[in-house]
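In the numbering used here, the protein residues as written are 7 to 74.
Below is the structure:
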């Protein structure tokens, strides 16, 4: 399954690496791609292993706000 999350506060390459890294550590997330221009994160995941709420929490723990 794929999901697009809108993340506020990402402005640089370090932001991108932090968010992608946090998501990829979650069991069930196979890919995470940040687009700094749009503020979106495309996440590919196995919904039987990980829930969207866990992904939002992982991003917010990095200091960013998920609005969608």
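Where a beta carbon is used, it is the ideal one built from N, C-alpha and C, also for glycine. Small disclaimer: the values here were computed from a predicted structure and weren't measured.
- Residue environment analysis places residue 37 among the exposed positions, since fewer than 16 neighbouring C-beta atoms fall within 10 angstroms of its C-beta.
- According to the DSSP secondary-structure assignment, residue 9 is paired through a beta bridge with 49.
- For residue 58, there is no enclosing beta strand (DSSP E); the enclosing alpha helix (DSSP H) covers residues 58–67.
- Setting aside the 5 residues that flank it on each side, residue 41 is surrounded in the same chain by 47, 48, each with a C-beta closer than 8 Å to its C-beta; the list follows chain order.
- Between residue 16 and residue 70, the alpha-carbon positions lie close to 7 Å from each other.
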